[in-house]
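One point on numbering: in this note's numbering, the residue at position 91 of the sequence shown is 92, and numbering is uninterrupted.
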Amino acid sequence: MPQSKILVIDNEPRMVDSLKALLSMEGYDVIGEQSPERALVLMEQSKFDLIISDIKMPDIDGIEILKRAREKDPFMGVILITGYASLDSARNAVDRGAYGYLTKPLEIDELKLTVERSLERRNAELEKLRLLSELKEANEKLQLKIAQMDALTSAGNLLATTTDPRETLTSILSMAIDVIGAKLGSVMIIDPVNNDLFIGASCGLDKDVIRNTRMKIGSSISGYVAETGRPLIVEDIEKDPRFSRINRERYESKSLISVPLKYKDEIFGVINLNNKVNGCPFDQDDLDLLNSLAAPAAVAIDRANLIMDKTKTINDLTILHSLAETVSMLIDPEKIGEETFDSLRELLEIKAIYWYDYLESSVEIHLEFFHGNIPDKHFPDHLRTFKFLQRSMTMGKTSSADRVIENLSELLAEYRKYFDNGCSVVPLPIFLKRTLAGVAILVFEPGIEFGPPRRELALLALTQTAAIYQRQKAVLNATQLVTMGKLLAEIGHDLKKPLTNLKGSIQIYKQKITENPAGEYFQEAEKEIDRLSELAKEMVEFSNPNMYRTKKIQISDIIDKTLDLLKIDLKNKEIEVVKIYESHMPEISVNDREMLQVFINIILNAVDSMDKGGRLTIEINKVFDDGRNWARISFMDTGYGIPDDKLNEIFNRYYTTKKTGTGLGLAIVERIVAIHNGRLSVSSEVDKGTNFVIELPV
Numbered sequence: 002m003p004q005s006k007i008l009v010i011d012n013e014p015r016m017v018d019s020l021k022a023l024l025s026m027e028g029y030d031v032i033g034e035q036s037p038e039r040a041l042v043l044m045e046q047s048k049f050d051l052i053i054s055d056i057k058m059p060d061i062d063g064i065e066i067l068k069r070a071r072e073k074d075p076f077m078g079v080i081l082i083t084g085y086a087s088l089d090s091a092r093n094a095v096d097r098g099a100y101g102y103l104t105k106p107l108e109i110d111e112l113k114l115t116v117e118r119s120l121e122r123r124n125a126e127l128e129k130l131r132l133l134s135e136l137k138e139a140n141e142k143l144q145l146k147i148a149q150m151d152a153l154t155s156a157g158n159l160l161a162t163t164t165d166p167r168e169t170l171t172s173i174l175s176m177a178i179d180v181i182g183a184k185l186g187s188v189m190i191i192d193p194v195n196n197d198l199f200i201g202a203s204c205g206l207d208k209d210v211i212r213n214t215r216m217k218i219g220s221s222i223s224g225y226v227a228e229t230g231r232p233l234i235v236e237d238i239e240k241d242p243r244f245s246r247i248n249r250e251r252y253e254s255k256s257l258i259s260v261p262l263k264y265k266d267e268i269f270g271v272i273n274l275n276n277k278v279n280g281c282p283f284d285q286d287d288l289d290l291l292n293s294l295a296a297p298a299a300v301a302i303d304r305a306n307l308i309m310d311k312t313k314t315i316n317d318l319t320i321l322h323s324l325a326e327t328v329s330m331l332i333d334p335e336k337i338g339e340e341t342f343d344s345l346r347e348l349l350e351i352k353a354i355y356w357y358d359y360l361e362s363s364v365e366i367h368l369e370f371f372h373g374n375i376p377d378k379h380f381p382d383h384l385r386t387f388k389f390l391q392r393s394m395t396m397g398k399t400s401s402a403d404r405v406i407e408n409l410s411e412l413l414a415e416y417r418k419y420f421d422n423g424c425s426v427v428p429l430p431i432f433l434k435r436t437l438a439g440v441a442i443l444v445f446e447p448g449i450e451f452g453p454p455r456r457e458l459a460l461l462a463l464t465q466t467a468a469i470y471q472r473q474k475a476v477l478n479a480t481q482l483v484t485m486g487k488l489l490a491e492i493g494h495d496l497k498k499p500l501t502n503l504k505g506s507i508q509i510y511k512q513k514i515t516e517n518p519a520g521e522y523f524q525e526a527e528k529e530i531d532r533l534s535e536l537a538k539e540m541v542e543f544s545n546p547n548m549y550r551t552k553k554i555q556i557s558d559i560i561d562k563t564l565d566l567l568k569i570d571l572k573n574k575e576i577e578v579v580k581i582y583e584s585h586m587p588e589i590s591v592n593d594r595e596m597l598q599v600f601i602n603i604i605l606n607a608v609d610s611m612d613k614g615g616r617l618t619i620e621i622n623k624v625f626d627d628g629r630n631w632a633r634i635s636f637m638d639t640g641y642g643i644p645d646d647k648l649n650e651i652f653n654r655y656y657t658t659k660k661t662g663t664g665l666g667l668a669i670v671e672r673i674v675a676i677h678n679g680r681l682s683v684s685s686e687v688d689k690g691t692n693f694v695i696e697l698p699v
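Pasting the structure below:
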């Protein structure tokens with residue numbers, strides 16, 4: 002325990018020396034002074050526990066010393082001594098707060114006892130003061146804790162009812178600033194796409210700072226907390242080896258705290274506080290409190306984000322449903338395009354849309370419609386049709402989106418020049434049943450991001466529209482086919498009777514007139530009538546969508562029967578037939594009569610293409626594609642082939658390159674294969690041959 006410090010004041014030197022010697026022997030630290038003026042200076046410069054002063058002194062008396070001492074320290078112990086004791090002086094000394102009043106000559110024991118009690122009294126007063134101070138501090142802390150608990154409770158109640166993410170962030174920051182007592186604060190949110198943080202809510206920051214601040218995760222204090230997921234307190238940012246910054250005027254304090262917004266091991270962002278109101282550094286209690294606030298805040302953010310996502314999903318689905326409902330009642334491509342654009346503009350904020358249909362037969366895309374805010378100039382004709390590279394696209398096969406986009410690189414470059422104001426041009430290949438149906442080119446204003454979620458939503462809307470559109474075209478085509486079929490049936494039926502009469506008349510005249518060249522003319526006319534009769538028969542058969550009765554059969558048996566029927570044609574043209582049949586092929590359900598007609602038409606086309614002989618390779622094997630098994634039948638000839646510009650026309654009705662052809666053979670083939678739910682494709686190279694491929698479901 003430190004020595005008590007005593008100041009002795011008396012204008013008599015012997016009294017000062019005596020008291021100093023006596024009290025020093027008792028273990029006190031004693032200073033003696035004869036001049037009251039110098040004594041007052043010592044009182045201002047040093048701290049004393051007790052002052053012993055004579056009452057009667059020149060200029061400044063003991064009562065003044067007592068007054069000055071009590072002004073400096075209300076608990077200063079003062080003992081007054083006098084050689085002229087009186088009741089008035091004693092009362093005056095006690096009234097002014099003297100701890101003791103002694104008369105000269107002093108009794109040593111009485112002096113010691115008075116000094117001891119005076120110091121005890123002072124210590125008791127100081128202890129009382131200390132206890133009161135501690136009690137006050139404890140009470141203030143308790144009140145602060147109560148206020149903080151009330152604030153946390155209010156925060157929980159508020160966050161439990163908040164569903165808007167931005168409102169949630171603002172509420173979190175406001176409560177943190179009020180409870181902890183800070184001047185500056187921010188809530189930074191993680192952007193998972195760019196792997197950085199942006200300011201979601203703030204207090205005390207400039208608008209430019211809020212708008213322009215982006216921090217990479219891992220860099221800066223917020224980035225460090227977002228990366229590690231651990232709360233952080235920095236007592237002096239300029240001395241912390243982990244961080245450094247340039248002082249800015251808004252930073253009044255070098256201390257700050259930062260905690261992560263974390264829920265279910267997922268970090269949403271970071272809360273930062275700076276510039277404590279009382280000017281002190283942040284402490285562990287502040288960090289713990291902010292951490293306690295961050296926990297329910299993270300839950301609230303998660304819930305608000307979930308509600309917002311669900312609400313957006315519901316809105317998106319509502320728009321998609323409305324689009325499907327509207328498009329299903331439209332036929333005009335322009336109207337369908339307009340509805341699609343309006344929906345995508347609402348869903349994705351697109352600027353324009355260009356829809357291309359994919360023409361499989363010609364391996365090209367053709368502009369079907371375009372809508373939106375396009376440049377104020379004539380639309381370039383060279384952007385209306387774009388042909389894919391033959392080597393990059395295989396007819397009847399599914400091409401990947403990457404390969405399609407790779408083929409579109411030249412077209413996209415033209416669009417980017419067409420939109421020369423920094424717009425984003427995004428191609429979206431549309432697949433139906435894993436087959437390319439078309440390409441949608443979307444145009445976005447500069448600065449709008451088109452991430453995976455938005456891409457999936459766009460593909461969903463476009464695929465839905467494409468499916469409905471194609472179904473409606475199929476229904477329209479079917480209606481036209483039924484009408485055309487009825488017409489063909491009537492025409493074919495009406496032709497039979499006059500053709501029969503003509504043939505009979507020619508046969509009669511042929512018997513009566515046998516001279517040449519009349520006989521040759523009759524013979525040629527009879528052949529032409531037979532051809533017209535066959536044409537009428539094909540027209541009737543083509544128009545008859547009768548119910549196909551199918552049965553399980555080996556497809557190789559039908560092909561062998563076809564080859565047997567056409568063996569004379571094959572022999573006359575010196576065509577070698579190579580058969581490659583995979584063993585253990587399963588039986589498939591087909592109408593054998595119709596399938597025989599398919600194979601006859603394809604093989605006759607091959608025979609006609611090989612006037613100087615050649616080879617016909619027929620291959621049968623089983624393949625797995627599109628989630629099921631198929632029987633694949635390939636007819637590969639070495640004939641003169643089909644030019645690229647004609648390849649897309651060969652299945653058209655009445656298209657033929659033969660002088661005596663009807664143009665219905667391959668159209669019938671396509672119809673029969675489609676009725677069997679099969680797939681038909683063809684590839685050809687001039688002077689090298691043609692390959693017809695039929696795939697039938699097993």
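For every residue, glycine included, the Cβ atom is placed at its ideal position computed from N, Cα and C. Remember, it's a predicted structure, so these values are computed and weren't measured experimentally.
- Bridge partners of Met637 according to DSSP: Thr618 and Asn692.
- Under the 10 Å beta carbon count, Ile332 is surrounded by fewer than 16 other beta carbons and is classified as exposed.
- Approximately 6 Å separates the beta-carbon atoms of Ile556 and Ala632; this is inside 8 Å, confirming the contact.
- When the Cα atoms are used, Ala462 and Asn592 turn out to be separated by approximately 39 Å.
- Exclusion of the five residues before and after Thr464 leaves Ile431 as the residues of its chain whose Cβ lies within less than 6 Å of its Cβ.
- Across the structure, Ala353 and Pro454 are spaced so that their CA atoms are roughly 19 Å apart.
- Linking Asp627 to Ile211 through their CA atoms gives a straight-line distance of about 52 Å.
- Closest option to Phe625, judged by alpha-carbon separation, among Glu696, Tyr29, Lys580 and Arg231: Glu696.
- Asp287 is the residue among Glu126, Asp287, Glu267 and Asp110 whose C-alpha sits nearest the C-alpha of Ala183.
- A residue is called buried when at least 16 other Cβ atoms come within 10 angstroms of its Cβ; Asp421 does not meet this threshold and is exposed.
- Counting only residues of its own chain and dropping the five nearest sequence neighbours on each side, Asp570 has a CB closer than 6 Å to the CB of Val608.
- Between the C-alpha atoms of Glu228 and Leu294 there is a straight-line separation of about 20 Å.
- When secondary structure is reduced to three states using DSSP, Glu671 falls in the helix class.
- Here Cys424 is buried, its C-beta having at least 16 other C-beta atoms within 10 Å.
- In the displayed model, Tyr85 falls within coil according to three-state DSSP, outside both helix and strand.
- Cβ neighbours of Arg385 within its own chain (closer than 6 Å, five residues either side excluded): Leu368.
- Of Thr314, Asp382, Ser329 and Cys281, the smallest CA-CA separation from Leu349 is found for Thr314.
- Taken atom to atom, the span from the alpha-carbon of Leu114 to that of Asp62 is near 24 Å.
- The distance from the Cβ of Asp55 to that of Ile32 is about 15 Å, inconsistent with a contact at the 8 Å cut-off.
- Across the set Gln471, Val426 and Leu437, the C-alpha of Val426 shows the shortest separation from the C-alpha of Arg456.
- Assignment of Asp284 by DSSP, reduced to helix, strand and coil, places it in the coil class.
- Here Lys255 is near Ile238, since their CB atoms are less than 8 Å apart.
- By the neighbour-count criterion, in which a residue is buried when 16 or more other Cβ atoms sit within 10 angstroms of its Cβ, Ala22 is exposed.
- Exclusion of the five residues before and after Glu575 leaves Gly614 as the residues of its chain whose Cβ lies within less than 7 Å of its Cβ.
- Between Val687 and Pro644, the gap from beta carbon to beta carbon is short of 8 Å.
- Straight through space, the alpha carbons of Ile181 and Phe283 are spaced by roughly 9 Å.
- DSSP places Lys352 inside the beta strand (DSSP E), whose first and last residues are Ile351 to Leu360.
- Taking the Cα of Ile601 as reference, the smallest distance to any Cα among Glu267, Met26, Phe636 and Val328 is reached at Phe636.
- Fewer than three beta-carbon pairs drawn from the stretch 91-105 and the stretch 126-142 are found closer than 8 Å, and the two stretches are therefore not classed as touching.
- Here Val674 is not near Arg616, since their CB atoms are 8 Å or more apart.
- Residue Met611 holds the alpha-carbon nearest to the alpha-carbon of Glu577 among Glu595, Met611 and Ile554.
- In the DSSP annotation of this structure, Val226 is not part of any beta strand (DSSP E); the continuous alpha helix (DSSP H) holding it starts and ends at Ser221 to Thr229.
- Residue Thr341 holds the alpha-carbon nearest to the alpha-carbon of Ile442 among Gln512, Thr341, Leu433 and Ala202.
- Counting C-beta pairs with one atom in each stretch, the stretch 64-71 and the stretch 13-27 have fewer than three that are closer than 8 Å, which means they do not touch.
- In the structure shown, the three-state DSSP call for Asp317 is helix.
- Only residues of its own chain outside the window of five on either side were considered, and among them Pro232, Ile272, Leu291, Asn292 and Ala295 have a CB closer than 6 Å to the CB of Val260, listed in chain order.
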